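*Asks:*
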Amino acid sequence: MSFLVLDPTPGTTAAIGRPAPRLDTLKGKTVGFVSNGKEGTKGFFGHLEGMLRAECGVADVVYRTKSNYSAPADAWIADEIKSWHAVFSGLGD
Amino acid sequence: MQLASRIYEAADISAVQELYHANGWTDGLPIVPPTREAVEACLDWVGMPPAQLIGIEPVRELSVTAEKLAINAVMAGCLPMHFPVVVTAWTAMMQSDFLLHGATASTGGCAVLVILNGPIRREIGASGTFNALGSSDRATSTIGRAIRLCLINLMDVRPGSIDRSTLGHPGKISYCVAEDEEDSSWASLSQQRGLEKEASAVTVMAAGAPRQIMNEWTTKPEEILETFAAEMRANLRHYSIYPGNYAIIVPKQLREHLQAAGWSKTDVAAFVHERARIKRSEWADVGKGAVVRDRGDTVHPAMESPDQLLVVAAGGPAGGFGAIIPPWLGHKSRAVTMAIGACVDCEPPKA
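Those protein sequence lines, which keep their order, are chains A and B.
Per my numbering, the first sequence starts with residue 17, numbered consecutively.
Per my numbering, the second sequence starts with residue 141, numbered consecutively.
#1: So which residues of chain A does Tyr148 of chain B contact, with C-beta pairs closer than 8 angstroms?
#2: Does Pro88 of chain A have its Cβ less than 8 angstroms from a Cβ in chain B?
#3: In three-state terms, what does DSSP make of Ala75 of chain A?
#4: Among the residues of its own chain, which have a CB less than 7 angstroms from the CB of Ser314 of chain B, if the five just before and after it don't count?
#5: Helix, strand or coil, according to DSSP, for Val214 of chain B in the structure here?
#6: According to DSSP, is Ala374 of chain B helix, strand or coil?
#7: Classify His241 of chain B as helix, strand or coil using the three-state DSSP reduction.
#8: Return the Cβ separation of Arg94 of chain B and His241 of chain B in integer angstroms, given the expectation that the two are a contact with Cβ distance under 8 angstroms.
#9: Comparing the C-beta of Asn84 of chain A with each C-beta of chain C, is any distance below 8 angstroms?
#10: When you compare the CB positions of Val344 of chain B and Ala229 of chain B, do they come within less than 8 angstroms of one another, or not?
#11: What is the C-beta distance between Gly258 of chain B and Ser330 of chain B, in whole angstroms, given that I count them as a contact (C-beta under 8 angstroms)?
#12: Taking Ser145 of chain B as the query, report the chain A residues whose CB atoms sit under 9 angstroms from its CB, ordered along the chain.
#13: Note the first and the last residue of the continuous beta strand (DSSP E) segment covering Gly195 of chain B.
#14: Exposed or buried, which one is His222 of chain B when buried takes at least 16 other CB atoms within 10 Å?
#15: Spell out whether any CB of chain A is found under 8 angstroms from the CB atom of Thr282 of chain B.
#16: Do you know offhand how far Glu96 of chain A's Cα is from Pro88 of chain A's?
#17: Ser236 of chain B: which of B:Val252, B:Asp320, B:Pro198 sits nearest, CA to CA?
#18: Under 8 angstroms Cβ to Cβ from Tyr85 of chain A, same chain only, skipping five residues before and after it: list those, please.
#19: Tyr379 of chain B by DSSP, collapsed to three states: which one?
#20: In its own chain, which residues sit with a C-beta less than 8 angstroms from the C-beta of Arg69 of chain A, not counting the 5 before and 5 after it?
#21: Tell me where the alpha helix (DSSP H) around Tyr160 of chain B begins and ends.
#22: Given Asp277 of chain B, which residues of its chain have a CB within under 7 angstroms of its CB, disregarding the five upstream and five downstream residues?
#23: So, does the CB of Gly17 of chain A fall closer than 8 angstroms to a CB anywhere in chain B?
#24: Cβ of Gly242 of chain B less than 8 angstroms from any chain A Cβ?
#25: Taking Ala349 of chain B as the query, report the chain A residues whose CB atoms sit under 7 angstroms from its CB, ordered along the chain.
#26: Under 8 angstroms between the Cβ atoms of Asp323 of chain B and Lys392 of chain B?
#27: So Pro310 of chain B and Tyr386 of chain B are supposed to be a Cβ contact under 8 angstroms. How far apart are they, rounded?
#28: Just the Cα atoms here: how many angstroms apart are Ala75 of chain A and Trp100 of chain A?
#29: Could you spell out the range, first to last residue, of the beta strand (DSSP E) harbouring Met354 of chain B?
#30: Who are the neighbours of Leu239 of chain B on chain A, taking C-beta pairs under 9 angstroms?
#31: If you measure beta-carbon to beta-carbon, which residues of the segment 174–189 of chain B are closer than 7 angstroms to chain A?
#32: Measure the Cβ-Cβ separation of Thr175 of chain B and Leu193 of chain B and say whether it is below 8 angstroms.
#33: Tell me whether Leu394 of chain B is buried or exposed, calling it buried when 16 or more other Cβ atoms sit within 10 Å of its Cβ.
#34: Between the alpha carbons of Glu158 of chain B and Ile171 of chain B, how many angstroms are there, rounded?
#35: Just list the residues that DSSP pairs Leu134 of chain A with in beta bridges.
#36: If I measure Cβ to Cβ from Ile292 of chain B and keep anything under 6 angstroms in the same chain, skipping five residues before and after, which residues do I get?
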C-alpha cells in the first residue's frame, strides 16, 4: 500500500537581509564589538582589538554587551551600531 | 480543505520511515505517516484552517501555522483530541517571555516541559499518577513528542544545527505531565497561576532534567520540604545560581502529609523559597571558586519570589519520591500558562 504524506517543514527559507556594503579599509574607522556577555568573548575580543589596531589601523573600538545572551541585541545597542563603520558580533561560548 | 504542504509518495510504510529519517525530519524513532486525512482530522478538531497563524517565534521571526503543527503532531502519534494541547503549548512557547530560541539553542540543553491542567486531562486520558514523569500514558507521551518534532522541523532545532546542547536530557524526546487534580485538595497549577479551575490549560517551562528526591521518614511538612529545598540548593551549587521558575513534583504520599497539616501550595512555595538559597562562597566548595571573587557573601535564592515555584501534584499513590525540575537559565526564560482556546491577539469585546 502506498502512502501520500506531507512535508513537515516550512518548505521555504525565509528571506534574510542583504549584507551591508563592504569597507575598502578599516584604517581610521570605528569598530564595534557586541558581546553576548559570555566569559569567552572577553579574551577573544581583546585579542581581536589588538590585531585590528596594529594590523588594520582601526582608530576606535567600542565594546557593548547584550543584556540577554540568548536574545537579539537591545534596541539601544542596535541604534548605536548605525554610528559605527563595522561591527563584530560574538556568538556562542 | 486546501493544504499547502508538499506531498510525497512512498511505496509502503517502510519507505515512509526512510523518507522522513533520510530528510532529518524525525527524532530517530518511527513516525506515523502524516497523510492528508490524518492532518485534516486534527485541524477539524480545533476548527482551524490550515493557514491559521499560531504565532511567530520572536527572535528568528519564524511563523508557525496550524497545518505544520498538525503534520508534526500526527507524526508524533497524536490523535486529533490531543491537538488542542499542542496548539496551546506552541502558542505559549512563542510568547516573548518564554524566549524559545534561547531555550532551544543553548548549550545548556533544556527541554520544554508541558504541564496539563483542567478537564482536558481526563478527556484525553492524560494520567498524573503512576510513572508521571515517564511514559505514563499515550496522551502525554505523544504530546511531548509533538513539541519536539515541531521544534526539529519548524525551527531547525536539530542537534548541531540550532540545537547546540552539550548533553541535552531524555525529556527532549517527550516531556509532558498531567497534574493529579482528582487526588489532591490543592488548587491546580493553572489556578495558582490565575486561571479558572474549570479551564483546561497548558503551562510550558524551559526545564532541565528532573532531579529525584526521597523522604519517607517523616510526616512533618518542614522536613519533607527541606529535602526538596536541599536538592534545589544542590542544583544552585552544581549547575546554575540564576533564579527563576523551578517546578517541584509532589507525590500523593508526601502531599497527604502536607495537606493534613493544612499546608497549601502557597505555604509550600513560601517555605521552599526561604530555604532554597545558597551563598556564592559555596561555589568554592564545588570547584567553582574562580567565579566567587569578592562576592562570597552574596545570597542567591533559587526563585526571585515564591510564585516562581511551580508546585505540581503528580505521581503514583505509594512512595515518598518527589522531584525538583530546575530551570534552563533562571529568569532568562519564564514559564507561561495559557488556557486552551484562549486567543492571545484578540481585542477585548467592545462595551
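All residues carry an ideal CB built from backbone N, CA and C; glycine is no exception.
Just so it is clear, the structure is predicted and the values come from calculations on it, not from any experiment.
*Replies:* So, from the listed chains and residues:
#1: Translated into the one-based positions of the second sequence, residue 148 of chain B becomes position 8. Within chain A, the residues near Tyr148 of chain B are Leu20, Val21, Leu22, Asp23.
#2: For this step, residue 88 of chain A is matched to residue 72 along the first sequence. It does: the Cβ of Pro88 of chain A has a partner Cβ on chain B nearer than 8 angstroms.
#3: Position 59 of the first sequence holds residue 75 of chain A. Coil at Ala75 of chain A, not helix or strand.
#4: For the purposes of this step, residue 314 of chain B is taken as the residue at position 174 of the second sequence. Excluding residues within five positions, the ones whose Cβ falls inside 7 angstroms are Ser281, Gly284, Arg285, Arg288.
#5: Looking up residue 214 of chain B in the second sequence gives position 74. Residue state, collapsed to three classes: helix.
#6: For the purposes of this step, residue 374 of chain B is identified with residue 234 of the second sequence, where counting begins at 1. Looking at Ala374 of chain B - three-state DSSP - the assignment turns out to be helix.
#7: As a working note, residue 241 of chain B is residue 101 in the second sequence. If DSSP states are grouped into helix, strand and coil, His241 of chain B belongs with the helices.
#8: Nothing can be reported for residue 94 of chain B, as the shown portion of chain B is limited to 141 through 491.
#9: Of the chains in the structure shown, none is chain C; the protein chains are A and B.
#10: In the second sequence, the residue the question calls residue 344 of chain B occupies position 204. In the second sequence, the residue the question calls residue 229 of chain B occupies position 89. Yes, these two residues count as a Cβ contact at 8 angstroms.
#11: One-based indexing of the second sequence puts residue 258 of chain B at position 118. One-based indexing of the second sequence puts residue 330 of chain B at position 190. Yes, they are in contact, since the Cβ atoms of Gly258 of chain B and Ser330 of chain B sit about 6 angstroms apart, within 8 angstroms.
#12: As a working note, residue 145 of chain B is residue 5 in the second sequence. Against chain A, the beta carbon of Ser145 of chain B has neighbours under 9 angstroms at Leu22, Asp23, Pro24, Thr25, Gly27, listed in chain order.
#13: Within the second sequence, the letter at position 55 stands for residue 195 of chain B. Gly195 of chain B: member of the beta strand (DSSP E) spanning 193–197, first to last residue.
#14: Here residue 222 of chain B refers to the residue found at position 82 of the second sequence. A residue is called buried when at least 16 other Cβ atoms come within 10 angstroms of its Cβ; His222 of chain B meets this threshold and is buried.
#15: Indexing the second sequence from 1 puts residue 282 of chain B at position 142. Any Cβ of chain A closer than 8 angstroms to the Cβ of Thr282 of chain B would place that residue at the interface, and such an atom is absent.
#16: Residue 96 of chain A sits at position 80 when you count from the first residue of the first sequence. Residue 88 of chain A sits at position 72 when you count from the first residue of the first sequence. Looking at the two C-alpha atoms, the distance is approximately 14 angstroms.
#17: Here residue 236 of chain B refers to the residue found at position 96 of the second sequence. The shortest C-alpha separation from Ser236 of chain B is found at B:Pro198.
#18: If you number the first sequence from 1, residue 85 of chain A lands on position 69. Result list for Tyr85 of chain A: Asn52, Gly53, Lys54, in chain order.
#19: If you number the second sequence from 1, residue 379 of chain B lands on position 239. It is coil, neither helix nor strand.
#20: Here residue 69 of chain A corresponds to residue number 53 of the first sequence, with the count starting at 1. The residues are Val77.
#21: As a working note, residue 160 of chain B is residue 20 in the second sequence. 153–162 is the extent of the alpha helix (DSSP H) around Tyr160 of chain B.
#22: Within the second sequence, the letter at position 137 stands for residue 277 of chain B. Cβ within range, chain order: Gly265, Ala266, Ser267.
#23: Walking along the first sequence from the start, residue 17 of chain A turns up at place 1. Per the sequence shown, the amino acid found at residue 17 of chain A is Met instead of Gly. A Cβ of chain B is located within less than 8 angstroms of the beta carbon of Met17 of chain A.
#24: Taking the first residue of the second sequence as position 1, residue 242 of chain B is located at position 102. Gly242 of chain B belongs to the set of residues whose beta carbon lies under 8 angstroms from a beta carbon in chain A.
#25: Position 209 of the second sequence, counting from 1, holds the residue named residue 349 of chain B. Residues of chain A with a Cβ closer than 7 angstroms to the Cβ of Ala349 of chain B do not exist, since the nearest Cβ in that chain sits about 19 angstroms away.
#26: Residue 323 of chain B sits at position 183 when you count from the first residue of the second sequence. Residue 392 of chain B sits at position 252 when you count from the first residue of the second sequence. Yes. Within cutoff.
#27: For this step, residue 310 of chain B is matched to residue 170 along the second sequence. For this step, residue 386 of chain B is matched to residue 246 along the second sequence. Actually they are not in contact, since the Cβ atoms of Pro310 of chain B and Tyr386 of chain B sit about 19 angstroms apart, beyond 8 angstroms.
#28: Indexing the first sequence from 1 puts residue 75 of chain A at position 59. Indexing the first sequence from 1 puts residue 100 of chain A at position 84. So the two alpha carbons sit approximately 11 angstroms from each other.
#29: Position 214 of the second sequence, counted from the first residue, corresponds to residue 354 of chain B. Segment 351–354, the beta strand (DSSP E) holding Met354 of chain B.
#30: Looking up residue 239 of chain B in the second sequence gives position 99. Residues of chain A passing the Cβ test: Asn84, Ser86, Ala87.
#31: Under the 7 angstroms Cβ criterion, the segment 174–189 of chain B contributes Pro174, Thr175, Arg176, Val179.
#32: The count along the second sequence starts at 1 and reaches residue 175 of chain B at position 35. The count along the second sequence starts at 1 and reaches residue 193 of chain B at position 53. Against a cut-off of 8 angstroms, the Cβ pair of Leu193 of chain B and Thr175 of chain B comes out as no contact.
#33: To locate residue 394 of chain B, count along the second sequence from 1; it is residue 254. Under this definition Leu394 of chain B is a buried residue.
#34: As a working mapping, residue 158 of chain B is identified with position 18 in the second sequence. As a working mapping, residue 171 of chain B is identified with position 31 in the second sequence. If I take the Cα positions, the gap works out to 10 angstroms.
#35: The structure shown does not extend to residue 134 of chain A, since chain A spans only 17 to 109, so no value can be given for it.
#36: By 1-based counting over the second sequence, the position of residue 292 of chain B is 152. Excluding residues within five positions, the ones whose Cβ falls inside 6 angstroms are Arg298.
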